[in-house]
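Working notes for the structure below.
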Amino acid sequence: MIFKTYQIYLCKVFTSTLIKTFIIFVSLAFILNVFEEVNFFKDLDVSITLPIFLTFLNIPSVIFDIFPFIFLITSQFAFMKLMEQNEIIVLKNFGLDNLNIIKILSILSFLFGLLIITIYYNFSSSLKYSYLNLKNTYAKDNKYLAVITENGIWIKDQRKNKINIINADKFNNKYLYNVDIIQFDKDFNFKVNINSPTILVENKTWKIINATVSDANGKTKKMGIYNLDTNLNYNDINSLYSNLSSLNIFELNKLRKKYENINYSSTEVNSAIQKLVSFPFYLTIMTILASTLMLSIKHNKSKVFHLIFGILISVIIYYLSFFFEELGKNEQIPIGISIWIPLVIIILFSTISLIRINEK
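Per the working numbering, the very first residue in the sequence shown carries number 3; after that it's consecutive.
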């Protein structure tokens, strides 16, 4: 009974600290996002309530992305509270060693992770979808349109006095494949037709490789490289179809199947799905990492030191995860490995620390 009492107490300490940390991060994210939205609408005649409303719609999605670091800092401050009041010693007197304390908090973090991806994420993705739809109605750049169909990718691009209708079978790793481009003037009079097996779309000047160009007079010529100025680059095309954070896990799975059916690369969709699957484990590992760090360093360090240390660790983990994720998206390594390898590295480091602190 005593163990269960202190188990409940540990859960209460962690949960209350998590709520406080969550509120702080929401407040900071709200302030930063409001400035970003105000800057977006600075040249438009809109009420201040619109940027604020858009911020409310976007904040849940922003917070979801930083939840792992919220859990890391929460774990730090939860241990600081226990240490300041010498409650770690009291818990040990009742038979709870360091490993048992971390185990209780880790299980709680995993359960929170399950709740977040099943309830919170669906809520945030729905709001993100509304956010994108509303904000896109005010977007200035309406020079291009795109859609994915069973016949591949269709793009309408207007630049200066030229209108390009582009059809490609596949888009993958900065390249469009099996492309047919019909170019018109502003009055929709035919100018040229361009065929190519491969187009590099790394920037807004596309490099059309082995192009076959046919003009209105029926003359045809072949060109090794043909440059085409457009309004789109690789990132623009990637973001045209959907913002993946606006889709729940069922919609992501449906989108993946759709992309695979039309030979469109599903790499980024697979990456998003893997991140959701790994999310509860990510939160658990961050809790274990923070706990082992707090039990390894001297207890007389200030709160500012622990906060700065936590932020530094968060930055390192962020760039580590980003590096491997980009390797996966560029198909240098399998997607599953790109998402899970950073977590394995962190858990190995934490396991070594766990063995050491449990001997104290």
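For glycine and all other residues, C-beta sits at the position ideal for the given N, C-alpha and C. All of these numbers come straight from a predicted model, not from anything done at the bench.
For residue i, the three-state DSSP class (helix, strand or coil)
i, result
"serine 216", "strand"
"threonine 207", "strand"
"isoleucine 287", "helix"
"isoleucine 167", "strand"
"lysine 221", "coil"
"serine 198", "strand"
"leucine 1", "Here the chain covers residues 3 to 362 and nothing more, so residue 1 does not appear."
"glutamine 334", "coil"
"leucine 46", "coil"
"tyrosine 1", "Given a span of 3 to 362 for the chain in the structure shown, any question on residue 1 remains unanswerable."
"asparagine 229", "strand"
"glutamine 9", "helix"
Between the CA atoms of residue j and residue i - distance to the nearest angstrom
i, j, result
"isoleucine 313", "aspartate 159", "43 Å"
"phenylalanine 173", "isoleucine 196", "17 Å"
"leucine 101", "valine 28", "31 Å"
"asparagine 272", "serine 248", "15 Å"
"isoleucine 91", "histidine 308", "20 Å"
"lysine 130", "asparagine 205", "27 Å"
"lysine 209", "phenylalanine 325", "27 Å"
"valine 48", "threonine 286", "43 Å"
"phenylalanine 73", "serine 316", "10 Å"
"isoleucine 339", "isoleucine 275", "13 Å"
"leucine 116", "threonine 23", "19 Å"
"phenylalanine 69", "serine 18", "15 Å"
"glutamate 89", "isoleucine 106", "15 Å"
"glycine 9", "lysine 94", "Correcting the residue identity first, residue 9 is glutamine in this sequence and not glycine. If you take the alpha carbons of glutamine 9 and lysine 94, they lie about 12 Å apart."
"valine 346", "asparagine 229", "44 Å"
Whether residue i touches residue j by CB criterion (8 Å)
i, j, result
"isoleucine 348", "glutamate 327", "no"
"proline 282", "phenylalanine 43", "no"
"glutamate 253", "lysine 331", "no"
"isoleucine 201", "isoleucine 227", "no"
"isoleucine 183", "isoleucine 168", "yes"
"alanine 218", "serine 198", "no"
"valine 36", "lysine 83", "no"
"leucine 356", "isoleucine 155", "no"
"tyrosine 133", "leucine 46", "no"
**Asked** Do the stretch 282-294 and the stretch 66-77 make contact, defined as three or more Cβ pairs closer than 8 Å?
**Response** yes
**Prompt:** Is it a yes or a no for the stretch 124-131 touching the stretch 52-72, going by three-plus beta-carbon pairs under 8 Å?
**Reply:** yes
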